[in-house]
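Novice: Residue numbers (my numbering): 2 to 255.
All C-beta atoms, glycine included, are put in the ideal place defined by N, C-alpha and C.
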Amino acid sequence: MTSTNHSKKLRLGVNIDHVATIRNARGIRHPDPVRAAGLAVRAGADGITAHLREDRRHIADEDIASLTDVLAVPLNLEVAATDEMLEIALRHKPHACCIVPEKRQELTTEGGLDAAGQHNRLKHYVDELGRAGIRVSLFIDPEKTQLDAARALGAPVTELHTGKYCDLVGEARQEELERIREASRYGASLGLEMHAGHGLSFETVAPIAQIPELAELNIGHFLIGEAIFHGLEVSIGEMRRLMDEARSPDEEKA
Ligand code: PXP
């Protein structure tokens with residue numbers, strides 16, 4: 002492995018949305034995403050991520066209330082830029098809010114936010130959340146124009162969409178990885194705290210974790226799926242191990 006400056010610990014945010022997806026399939030209380038959040042923290046998560054969608058297909062309003070009550074680690078609330086979500090975020094005041102694009106029919110967040118094309122619309126939400134002391138993050142594709150736009154909006158954090166990198170194979174994946182590397186470098190040079198996430202798995206995480214500018218990865222679907230086979234704590238523990246290994250200097254591993 003080529004080692005650059007991997008000294009800073011890479012934070013793991015565990016996204017618990019799909020525990021709620023399973024719960025909602027039966028319309029009962031089990032399995033409880035808040036209980037999953039507690040287990041995730043025990044297993045090495047540094048934070049919990051939850052996406053309150055407009056259609057409430059997984060996480061519900063009560064989950065956000067319970068999470069803000071009981072969590073001892075930062076909550077990263079993912080929301081669309083709407084007045085309803087702004088009101089909810091201001092009421093619960095999570096540690097962070099990641100603004101994501103949201104389309105009703107999509108299965109998951111398909112692409113990044115158009116921070117460049119929607120400056121005027123987004124500015125209001127970034128400002129209001131920031132004024133309330135919430136750390137605002139913008140979920141964007143790894144593109145210079147989007148990073149410039151995020152900087153211009155005054156959001157302190159951006160999260161790079163890794164979905165395309167995970168979906169591609171071979172050379173095309175390597176090219177997308179290079180775009181994420183370049184975007185991480187460029188974003189950090191603008192003074193942005195750089196995060197990444199979407200679609201990451203045991204197979205895809207290491208090259209992303211090796212990018213020295215990244216401070217946090219947010220991972221959900223793969224971990225919840227893997228938990229069916231090995232349990233949540235084992236799955237998160239293994240992800241934590243792979244991330245730490247990717248960050249350790251070569252000499253520590255010798
Ligand atoms: N980061 C953001 C901004 C997301 O919207 C999601 C999915 O909700 C994730 C990370 C986690 O993606 P996945 O569930 O594919 O790991």
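1) From the DSSP output, in three-state form, read off R136 for me.
2) What residue ranges within the segment 100–151 form continuous alpha helix (DSSP H) runs of no fewer than 4 residues, ordered along the chain?
3) Give the straight-line distance between the Cα atoms of E103 and D33, rounded to the nearest whole angstrom.
4) So the candidates are A247, A116, E239 and R182; which of them puts its Cα closest to the Cα of G155?
5) For the alpha helix (DSSP H) holding G164, just list the boundary residues, first then last.
6) Among A97, A189 and V127, which has the Cα closest to the Cα of H52?
7) Under DSSP, the alpha helix (DSSP H) around H52 begins and ends at which residues?
8) Bridge partners for E217 per DSSP, in chain order?
9) Is DSSP giving T69 helix, strand or coil here?
10) Which residue wins for smallest C-alpha separation from R182, given the options G192, E214 and C99?
Specialist: So, from the data block:
1) strand
2) 120–132
3) 24 angstroms
4) It is A116 whose Cα lies nearest to the Cα of G155.
5) G164 to D168
6) A97
7) Taken as a continuous stretch (DSSP letters only), H52 belongs to no alpha helix (DSSP H), being part of the beta strand (DSSP E) at G48 to H52.
8) For E217, the beta-bridge partners assigned by DSSP are R12 and H196.
9) helix
10) E214
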